[in-house]
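Asker: Take this structure first; my questions come after.
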Amino acid sequence: KSGSDSDYVAVEDLSTLNAGVYLMKFTVAAVIDPDGGESYTSLSAVVEFTVSKAAIKVTVDIISWTYGDEANLPTVGGNEDEGAVTYLYTGDGYSDSEAPTNAGTYKVTATVAETTNYLGATAEKEFTIAKKAITATVSAQDAEYNGKPHEASVTFEGKLTDDELTANLLYNGEAEAPVNADSYTVT
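Okay, so the sequence shown: first residue is 2 according to the working numbering, each after it adds one.
Pasting the structure below:
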């Protein structure tokens with residue numbers, strides 16, 4: 002501020018000031034010498050100073066999980082002034098603010114917004130969504146020759162309900178289901 006003394010506010014602890022630009026007025030009262038006379042007149046000066054925003058070192062951590070499990074939430078450290086946090090997930094052709102769901106390797110970037118007293122910052126962490134283990138069971142029925150192909154079937158245990166899985170079966174190494182009478186190994 003500038004102007005009269007009433008334009009200034011007394012601050013006893015400068016460490017309580019928020020980041021910003023300030024004017025400080027210093028006043029030195031008249032100095033009286035020991036003989037009782039005034040040796041110096043009073044004086045005052047105004048000084049401009051800046052309290053800069055502090056830098057923060059942000060960290061982000063996230064625990065990997067398996068496809069089909071609930072996504073783990075990232076945790077952020079070093080957010081000194083509790084600035085707003087946004088997340089961006091990227092990897093395997095994916096880029097979104099929501100956690101991915103497909104198996105793969107990804108990176109989460111946490112961005113902490115600038116606040117009154119602290120600069121913003123970012124941190125990133127790589128994580129994996131592991132492939133889900135499933136069991137495939139092949140079933141085939143013995144049959145009598147009738148001139149038609151006899152196909153085996155596959156069932157999957159451990160898959161998610163909405164996932165559609167297919168299997169490529171081979172009959173003695175061939176893709177076509179057998180028609181002729183014989184013994185076949187299905188893989």
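Positions of the beta carbon are idealized from the N, C-alpha and C atoms, including for glycine. Owing to the predicted nature of the structure, the values given are computational and were not obtained by experimental measurement.
#1: Residue 3 to residue 113, Cα distance in whole Å?
#2: Quick one: what's residue 185 bridged to in DSSP?
#3: Looking at C-alpha atoms only, which residue of 22, 13 and 150 is the closest neighbour of residue 54?
#4: List, from N- to C-terminal side, the beta strand (DSSP E) runs of 3 residues or more that fit wholly inside the stretch 34 to 74.
#5: Quick check: the Cα distance between residue 186 and residue 162, rounded to an integer number of angstroms?
#6: Give every residue of the same chain whose Cβ lies closer than 8 Å to the Cβ of residue 93, excluding the five residues on either side of it in the sequence, and list them in chain order.
#7: In three-state DSSP terms, what is residue 171?
#8: Apart from the five residues on each side of it in sequence, which residues of its chain come closer than 6 Å, Cβ to Cβ, to residue 170?
#9: Can you grab the Cα-Cα spacing for the pair residue 36 / residue 121, in whole Å?
#10: How far does the beta strand (DSSP E) with residue 131 in it reach, from first residue to last?
#11: Would residue 24 and residue 47 be called neighbours here (beta carbons separated by less than 8 Å)?
#12: Taking the straight line between their C-alpha atoms, what separation do you get for residue 56 and residue 76?
#13: So, helix, strand or coil for residue 15, using DSSP?
#14: Counting pairs of beta carbons, one from the stretch 126 to 133 and one from the stretch 60 to 72, are three or more of them closer than 8 Å?
#15: Please report the residue range of the beta strand (DSSP E) in which residue 108 lies.
#16: Answer yes or no: do residue 138 and residue 110 have a C-beta to C-beta separation smaller than 8 Å?
#17: If you compare alpha carbons, which of 15, 87, 20 and 44 is closest to residue 29?
#18: Within 10 Å of its beta-carbon, does residue 80 have 16 or more other beta-carbons around it, so buried, or fewer, so exposed?
Answerer: Reading off the structure:
#1: Only weak support is given to the placement of residue 3: the predicted model assigns it a pLDDT of 47, under 50, and the question is left unresolved by the model.
#2: As computed with DSSP, residue 185 is found in no beta bridge at all.
#3: 22
#4: 39 to 41, 44 to 52 and 60 to 62
#5: Taking the straight line joining both Cα atoms gives about 29 Å.
#6: 101, 103, 105, 106 and 107
#7: coil
#8: 153 and 187
#9: Near 59 Å, if we compare the C-alpha coordinates of residue 121 and residue 36.
#10: 122 to 131
#11: yes
#12: 19 Å
#13: Residue 15 falls in the helix class under three-state DSSP.
#14: Yes, the stretch 126 to 133 is in contact with the stretch 60 to 72.
#15: 105 to 113
#16: Their beta carbons are not under 8 Å apart, which means residue 138 does not touch residue 110 by this criterion.
#17: Residue 29 has its Cα closest to that of 44, out of 15, 87, 20 and 44.
#18: buried
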